[in-house]
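Numbering (the working numbering), first residue to last: 1 to 260. Backbone N, C-alpha and C define an ideal beta-carbon position, used for all residues, glycine too. One structure is given below, encoded as structure tokens.
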């Protein structure tokens with residue numbers, strides 16, 4: 001039967017071709033918190049490259065951010081990772097929670113995701129932050145979070161153990177993740193300007209994938225004359241570089257001009 005001939009049910013059979021799919025250059029998988037209002041929106045801009053495809057799954061978490069609620073996600077990570085189909089041939093998979101990674105541990109996050117995707121490259125905002133700061137050759141960091149003090153201190157200690165100096169730490173003292181997602185970009189920008197203007201800081205890191213920080217990177221850098229990055233900003237950059245994407249657009253800040 002030719003394609004011009006209808007079958008017994010009068011449905012014309014047509015011919016088609018396939019290609020490499022939307023991710024012809026890279027397929028990127030993301031595990032996003034169910035409470036996160038920001039990551040997917042920011043990643044649409046940060047990963048807006050021809051041939052780069054993003055696929056995400058949402059992991060259950062509680063709206064109240066505490067060490068206890070964050071730790072619960074470790075058991076959910078393999079389950080959520082399995083929702084990202086192995087047949088998509090992911091180049092890298094990320095876990096989108098900076099505070100969760102701090103509590104669970106970077107190695108444990110990787111191990112949990114690899115139970116569903118053996119051997120896959122894995123990253124998270126904390127690991128990405130360290131890679132970004134190193135690539136930018138920054139040592140003295142102004143550090144901004146939305147978290148309550150226990151989590152903020154734990155993350156600061158983690159960065160300091162890696163050799164980074166943190167002369168100033170600031171926080172919005174907000175543990176409700178719903179509220180965190182509603183903090184305005186203007187509030188974040190003014191906070192970055194305030195802490196980043198200090199002479200003892202070489203750059204700024206804004207922690208939390210739910211903070212709307214990506215849009216303030218360029219104006220903050222222009223004001224401060226120093227590199228600025230955030231959880232989503234650093235994570236997107238790190239995932240691209242791990243996937244072999246070296247594009248350096250002119251509108252995403254100084255980090256996107258850096259290699260690993």
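Taken in chain order, the complete beta strand (DSSP E) segments of 3 or more residues contained in the segment 37-92 are 52-59. In the DSSP assignment, residue 145 falls within the beta strand (DSSP E) that extends over 140-145. For residue 230, the enclosing beta strand (DSSP E) begins and ends at 228-230. Taking every protein chain shown into account, the CB of residue 32 has 16 or more other CB atoms within 10 angstroms, so this residue is buried. Counting C-beta pairs closer than 8 Å gives three or more between the segment 58-76 and the segment 27-44, which meets the contact rule. Secondary structure note for residue 151: it is in no beta strand (DSSP E), and the uninterrupted alpha helix (DSSP H) holding it is 149-161. Annotated three-state conformation of residue 199 is coil, per DSSP. Under DSSP, residue 94 shares a beta bridge with 30 and 123. Separation of residue 210 and residue 37 (C-alpha to C-alpha, rounded to the nearest whole angstrom) is 6 Å. Checking the DSSP bridge columns, you'll see residue 169 partnered with 143. Under the 8 Å Cβ criterion, the segment 230-250 counts as touching the segment 43-52, having at least three qualifying pairs. CA-to-CA, the gap between residue 80 and residue 57 works out to about 6 Å.
Taken atom to atom, the span from the alpha-carbon of residue 137 to that of residue 78 is near 34 Å. Between the segment 84-100 and the segment 197-206 there are fewer than three C-beta pairs closer than 8 Å, too few to call the two in contact.
Going by beta carbons, residue 132 and residue 196 fall outside the 7 Å limit.
The beta-carbon separation of residue 121 and residue 242, rounded to 5 Å, stays under the 8 Å limit for a contact. For residue 111, the enclosing alpha helix (DSSP H) has its first and last residue at 106-114. Proximity to residue 163 across 28, 182, 130 and 186 peaks at 130, based on C-alpha coordinates. Taking C-alpha positions only, residue 50 is separated from residue 82 by approximately 26 Å.
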